[in-house]
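S.K.: Here it is: the structure, laid out below.
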Ligand code: MN
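In this note's numbering, the protein residues as written are 117 to 623.
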């Protein structure tokens, strides 16, 4: 996990706060001196406001906001987000009000704290309330994405302390994290945060399933880690001997929740999962990838038909890598190699955003194909680590680019789909499924009857009614905004024309 392992003092608030500051201070080293002072003021104010209040574990409450803040410091967020995260529970849980805060802090910081406070009551309390709360959250998201960063960091730390929470509440929080927060993190391109969240929530969200996986011998984490280390060393030796250039050989054992997801979504048995252990070889240049592939196939026993060349045939989301499943002859371990260039690796770790960042100006074709405008902020976060950008400039860019042309739409069951701004009910129907799109006859927006051509607003909840007799028409092309829906409709119409001309030829 990302949090420092420290035994915090449980007797003296002063000692505990000293410990916390000594952890936080180096984390915000990327801020300038003035900004650090603002953060320090927020820290002091927060300690005074929460004071002796403790969490159920007996720890001082002040540990929580600081740990949440550390997550955000790791992605080098700006001063105001850091300060607001420290203060995020102050108005809700203490005597200090937003008005009090506004005497000491900038309107920007107070605005962020207020934004977090407003939807901190997001709860699973019946479908209606839940959807209403989600909608509130999207409104906050569209006002300032930083509110969501704080909320995600807050939730992540709460997950790490769930053992002290009552069982029913714990289950609710864990499930909500997997079903709502993790997908939001993913959609925002924060896949690392998403996976931390899922792993922390899994034991409480699906306790029985977790137990079963924990007991499974072939998933033994310690054993798999030993395997990984052995295989890394062996692979490095092989590459060194062959004098093939590489940057890194790293390994991972697949996380339990992601195994569970694969079992569920692909109906796969653990015995048939060949990537429980995987090694990544990161190198320069595509040629090297293929050289390494043939070397690997010499030294390990390839398993028939288990090569996936995502370099020649990238996944729909742009993912590139060569995957090959092999058996180590000495030990019999079956595992997966993922061979990729540095650039492909950045993309796999940080998603579409990195792709944008790395490809901009160099490979326009690919950029145009993906257009990940709504993820551009994360590439800027990455760039920030490498460039000397001021926090203000960086933020301005983020705000300008983020939600400009994407909207979030809810299904009646609370699923969240993102669509291009200006999308209609018909776009939404195609986004759910091609078949839903093609047979859509009517829609409801927030419970009110609507036409398929009606435009959607951020946070709308949309229901689609279908009828098997329905088919797409030429007019539909004017009703959709998304490329995906358009090309589906066109493909259908083309097929129809083809059939008609075939029919008339045979007559
Ligand atoms: Mn909190």
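Ideal placement from N, C-alpha and C gives every residue a C-beta, glycine not left out.
Rank 276, 229, 407 and 210 by C-alpha distance to the C-alpha of residue 218 and give the top, closest one.
M.R.: On the chain shown, position 102 is the one that residue 218 refers to. Closest by alpha carbon: 229.
S.K.: What do you reckon, are the CB atoms on residue 572 and residue 535 nearer than 8 Å?
M.R.: Position 456 of the chain shown, counted from the start, is the residue given in the question as residue 572. Position 419 of the chain shown, counted from the start, is the residue given in the question as residue 535. It is a contact, given that the beta carbons lie within the stated cut-off.
S.K.: Kindly list the residues whose CB is nearer than 8 Å to the CB of residue 273, restricted to its own chain and excluding five residues on each side of it in sequence; keep chain order.
M.R.: The residue you call residue 273 lines up with position 157 of the chain shown. Cβ-Cβ distances below 8 Å link residue 273 to 119, 180, 183, 184 and 187 in the same chain, with the five nearest sequence neighbours on each side left out; the list follows chain order.
S.K.: Assuming residue 347 and residue 275 are in contact, meaning their beta carbons sit under 8 Å apart, how far apart are those beta carbons, in whole angstroms?
M.R.: Mapped onto the chain shown, residue 347 falls at position 231. Mapped onto the chain shown, residue 275 falls at position 159. Contact doesn't hold; Cβ gap of about 31 Å is too wide.
S.K.: Tell me whether residue 204 counts as near the ligand MN, meaning its Cβ is closer than 7 Å to at least one heavy atom of that ligand.
M.R.: Along the chain shown, read from residue 1 onward, the residue named residue 204 stands at position 88. Indeed, a heavy atom of the ligand MN lies less than 7 Å from the Cβ.
S.K.: Secondary structure at residue 124, three-state DSSP: helix, strand or coil?
M.R.: Indexing the chain shown from 1 puts residue 124 at position 8. Coil, per DSSP.
S.K.: Just to check, is the beta-carbon of residue 175 closer than 7 Å to a non-hydrogen atom of the ligand MN?
M.R.: Walking along the chain shown from the start, residue 175 turns up at place 59. Outside the cutoff, so no.
S.K.: Can you have a look at residue 177 and say buried or exposed, based on whether 16 or more other CB atoms are within 10 angstroms of its CB?
M.R.: As a position in the chain shown, residue 177 is number 61, starting the count at 1. So residue 177 counts as buried.
S.K.: Does the ligand MN have even one heavy atom less than 7 Å from the beta-carbon of residue 180?
M.R.: Numbered from 1 along the chain shown, position 64 holds the residue referred to as residue 180. Yes; taking the cut-off as 7 Å, the Cβ of residue 180 has a heavy atom of the ligand MN nearer than that.
S.K.: Would you say the beta carbon of residue 316 is closer than 7 Å to some non-hydrogen atom of the ligand MN?
M.R.: Taking the first residue of the chain shown as 1, we reach residue 316 at position 200. Flag unset: Cβ of residue 316 not near the ligand MN.
S.K.: Only counting the same chain, and skipping five residues up and downstream in sequence, which positions put a Cβ closer than 7 Å to that of residue 175?
M.R.: As a working mapping, residue 175 is identified with position 59 in the chain shown. So the list reads 124 and 126, once near-sequence residues are dropped.
S.K.: Drop a sphere of 10 angstroms on the beta-carbon of residue 398, count the other beta-carbons inside from all chains shown, and report buried for 16 or more, exposed for fewer.
M.R.: As a first step, residue 398 is located in the chain shown; it is residue number 282 there, counting from the start. Label assigned to residue 398: buried.
S.K.: Since residue 545 and residue 523 are thought to touch, with beta carbons under 8 Å apart, how far apart are those beta carbons, to the nearest angstrom?
M.R.: Along the chain shown, one-based indexing puts residue 545 at 429. Along the chain shown, one-based indexing puts residue 523 at 407. The Cβ separation is near 15 Å, so there is no contact.
S.K.: Hey, is residue 184 close to the ligand MN, as in C-beta under 7 Å from one of its heavy atoms?
M.R.: For the purposes of this step, residue 184 is taken as the residue at position 68 of the chain shown. Yes, the beta carbon of residue 184 sits closer than 7 Å to at least one heavy atom of the ligand MN.
S.K.: Just list the beta strand (DSSP E) runs in the region 358-428, keeping only unbroken ones of 3 residues or longer that don't cross its boundaries, in chain order.
M.R.: 364-369, 393-399 and 417-425
S.K.: Relative to the ligand MN, is the shortest distance from any of its heavy atoms to the C-beta of residue 270 smaller than 7 Å?
M.R.: Within the chain shown, the letter at position 154 stands for residue 270. Yes, since a heavy atom of the ligand MN falls inside the 7 Å radius drawn around the Cβ of residue 270.
S.K.: So, is residue 231 buried or exposed, given that buried needs 16 or more other C-beta atoms within 10 angstroms?
M.R.: Position 115 of the chain shown, counting from 1, holds the residue named residue 231. Burial call: buried.
S.K.: Do residue 158 and residue 199 count as a contact pair if the criterion is CB distance below 8 Å?
M.R.: Position 83 of the chain shown, counting from 1, holds the residue named residue 199. Position 42 of the chain shown, counting from 1, holds the residue named residue 158. In this structure, residue 158 lies closer than 8 Å to residue 199 by Cβ.
S.K.: Who pairs with residue 450 in a beta bridge, going by DSSP?
M.R.: Along the chain shown, read from residue 1 onward, the residue named residue 450 stands at position 334. Residue 450 is bridged to 443.
S.K.: What runs of the alpha helix (DSSP H), each 4 residues or longer, lie entirely inside the region 555-622?
M.R.: 592-595 and 599-622
S.K.: I need the DSSP call for residue 221, collapsed to helix, strand or coil.
M.R.: Locating residue 221 in the chain shown gives position 105, counting from the first residue. If DSSP states are grouped into helix, strand and coil, residue 221 belongs with coil.
S.K.: For residue 436, which of 416, 442 and 461 has the nearest alpha-carbon?
M.R.: Against the chain shown, residue 436 aligns to sequence position 320. Ranking the options by Cα distance to residue 436, first place goes to 461.
S.K.: Tell whether a beta-carbon distance below 8 Å holds between residue 601 and residue 543.
M.R.: Here residue 601 corresponds to residue number 485 of the chain shown, with the count starting at 1. Here residue 543 corresponds to residue number 427 of the chain shown, with the count starting at 1. Closer than 8 Å, so yes.
S.K.: Tell me, which residues are paired with residue 540 by DSSP?
M.R.: By 1-based counting over the chain shown, the position of residue 540 is 424. In DSSP, residue 540 forms a bridge with 571.
S.K.: Where do the ends of the alpha helix (DSSP H) carrying residue 159 lie?
M.R.: On the chain shown, residue 159 is found 43 positions in, with the first residue counted as 1. It spans 149-166 - the alpha helix (DSSP H) in which residue 159 sits, taken as one unbroken run.
S.K.: Which whole-angstrom value describes the C-beta separation of residue 556 and residue 582, a residue pair presumed to lie in contact below a C-beta threshold of 8 Å?
M.R.: Walking along the chain shown from the start, residue 556 turns up at place 440. Walking along the chain shown from the start, residue 582 turns up at place 466. Going by Cβ atoms, the distance from residue 556 to residue 582 rounds to 6 Å, so yes, they are a contact pair.
S.K.: Taking the straight line between their C-alpha atoms, what separation do you get for residue 550 and residue 588?
M.R.: Here residue 550 is taken as the residue at index 434 of the chain shown, counted from 1. Here residue 588 is taken as the residue at index 472 of the chain shown, counted from 1. Here the C-alpha atom of residue 550 lies approximately 11 Å from the C-alpha atom of residue 588.
S.K.: Can you check which of these residues, 354, 296 and 291, is closest to residue 407 by C-alpha distance?
M.R.: By 1-based counting over the chain shown, the position of residue 407 is 291. Among 354, 296 and 291, the Cα nearest to that of residue 407 belongs to 354.
S.K.: Taking only three categories from DSSP, how would you classify residue 500?
M.R.: Numbered from its first residue, the chain shown carries residue 500 at position 384. For residue 500, the predicted model reports a pLDDT of 40, less than 50, meaning its position is unreliable; a value from the coordinates is still stated below. Correct three-state label for residue 500: helix.
S.K.: Name the DSSP beta bridge partners of residue 457, please?
M.R.: The residue you call residue 457 lines up with position 341 of the chain shown. BP columns for residue 457 point to 399.
S.K.: Give the range of the alpha helix (DSSP H) segment to which residue 265 is assigned.
M.R.: Against the chain shown, residue 265 aligns to sequence position 149. Per DSSP, residue 265 belongs to the alpha helix (DSSP H) from 261-276.
S.K.: Taking buried to mean at least 16 other C-beta atoms within 10 Å of its own C-beta, is residue 358 buried or exposed?
M.R.: By 1-based counting over the chain shown, the position of residue 358 is 242. Looking at its Cβ environment, which holds fewer than 16 other Cβ atoms inside 10 Å, residue 358 is exposed.
S.K.: Can you tell me which of the three DSSP states residue 198 falls into?
M.R.: Position 82 of the chain shown, counting from 1, holds the residue named residue 198. If DSSP states are grouped into helix, strand and coil, residue 198 belongs with the helices.
S.K.: Determine the contact status of residue 318 and residue 372, defining contact as a CB-CB distance below 8 Å.
M.R.: In the chain shown, residue 318 corresponds to position 202, counting from 1. In the chain shown, residue 372 corresponds to position 256, counting from 1. For the pair residue 318 and residue 372, the CB atoms are nearer than the 8 Å cut-off.
S.K.: Rounded to whole angstroms, what's the CA-CA distance from residue 121 to residue 133? Just pull it up for me.
M.R.: In the chain shown, the residue the question calls residue 121 occupies position 5. In the chain shown, the residue the question calls residue 133 occupies position 17. Distance between the alpha carbons of residue 121 and residue 133: 15 Å.
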